[in-house]
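Residue numbers (the numbering used here): -2 to 267.
C-beta: ideal position from N, C-alpha, C; glycine also.
Quantities reported herein were computed from a predicted structural model and do not represent experimental measurements.
Okay, here's the thing in structure tokens:
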């Protein structure tokens, strides 16, 4: 097992060469010296090794829940209670010094790019929507073009920007690789993830941690969502938009809002 198995499994050959301070040709020769057909075969080997560590875990959790004689009402209560506990733990894990650094980076960033994969891609869009109220340039980069589109957008980032990466089990190798490439380019990277041992942390400047255990699903996004809303609150108080700008935006959007209190109560159907 290499000293950095996730890097061996996720870095592109260009990123690996930059990380090691050697040429691409040297990386290829190294892979060949280990009797791989090339760097792609070397990386594929370590991707398989990582995936084989616990391939059945999500299915095992699901099977245990299906086998348990648990009333439906009790199952439904479990998720909110677990989510509340995750939010409390996420708050307890916050490092005030790290939070100050994160707030300063986000507030002065020329652009905030948000990267997620699978479920966290939707959470990235949620954050971009709310954070865009308080910062003029926030973008979820995982668009319809998939990994290729995300990579193209991330290549436009500079050290004046910030990459906010969201990573939950089972961790996406694409997210880790794109995060590593942005870090190598000098882009400040902030991670919101579930563990101090999450593989993405090898490539970030600051991290916020929220537990993500779930009795049935591969991971829960409740704690991560709470941290994202906390970051929106930080931007609301320290972001670049002035109070006058926020007022104009609120007034412009008011005509599209419906006050439910002013609507007549609807009678339930018989």
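CB contact flag (residue 177, residue 12, <7 Å): yes
Option nearest residue 226 by Cα separation, candidates 155, 128, 197 and 154: 128
Say yes only if the C-beta of residue 37 is nearer than 6 Å to one or more non-hydrogen atoms of the ligand ADP, and no if none qualify. Summarising the ligand content, the structure contains no ligands, and the ligand ADP is consequently not present.
What is the rounded straight-line gap between the Cα of residue 109 and the Cα of residue 254? 27 Å
N-terminal and C-terminal residue of the beta strand (DSSP E) that residue 164 is part of: The continuous beta strand (DSSP E) containing residue 164 extends over residues 159 to 164.
Using CA coordinates, which residue listed in 24, 155, 99 and 5 is at the minimum distance from residue 43? 5
Can you have a look at residue 132 and say buried or exposed, based on whether 16 or more other CB atoms are within 10 angstroms of its CB? buried
According to DSSP, is residue 221 part of a helix, a strand, or is it coil? helix
Count the other CB atoms, across all protein chains shown, that sit within 10 Å of the CB of residue 77; report buried if there are 16 or more and exposed otherwise. Classification of residue 77: exposed, given that the 10 Å Cβ count is below 16.
Indicate whether at least one CB of chain D lies closer than 7 Å to the CB of residue 144. Although the question refers to chain D, the structure presented lacks it and comprises just one protein chain.
Assuming residue 222 and residue 120 form a contact by the criterion Cβ under 8 Å, report the distance between their Cβ atoms to the nearest whole angstrom. 6 Å
Which residues in the same chain as residue 205 place their Cβ atom closer than 6 Å to its Cβ, once the five residues preceding and following it in sequence are excluded? Contacts found: 189 and 224.
Nearest by alpha-carbon distance to residue 208: which of 199, 166 and 249 is it? 166
Can you check which of these residues, 210, 214 and 202, is closest to residue 84 by C-alpha distance? 210
Let me know the secondary structure DSSP gives residue 189 once reduced to three states. strand
Please classify residue 158: is it buried, with 16 or more other beta-carbons within 10 angstroms of its beta-carbon, or exposed? Buried is the call here.
Bridge partners for residue 116 per DSSP, in chain order? Residue 116 pairs with nothing; no bridge assigned.
May I have the straight-line CA-CA distance separating residue 151 from residue 184, to the nearest angstrom? 9 Å
Going by DSSP, name the residue or residues bridged to residue 171. Paired residue(s): none; residue 171 is not in a bridge.
Quick one: what does DSSP say residue 135 is sitting in, helix, strand or coil? strand
How long is the line joining the alpha carbons of residue 8 and residue 29, rounded to whole angstroms? 17 Å
If you draw a straight line from the C-alpha of residue 106 to the C-alpha of residue 214, how long is it? 35 Å
Please name the residue, chosen from 26, 27, 156 and 104, that lies closest to residue 228 on a Cα-to-Cα basis. 104
Distance between beta carbons of residue 115 and residue 169, contact taken as under 8 Å: 7 Å
Which value, in whole angstroms, describes the spacing of the CA atoms of residue 79 and residue 139? 28 Å
Please name the residue, chosen from 174, 164 and 186, that lies closest to residue 155 on a Cα-to-Cα basis. 186
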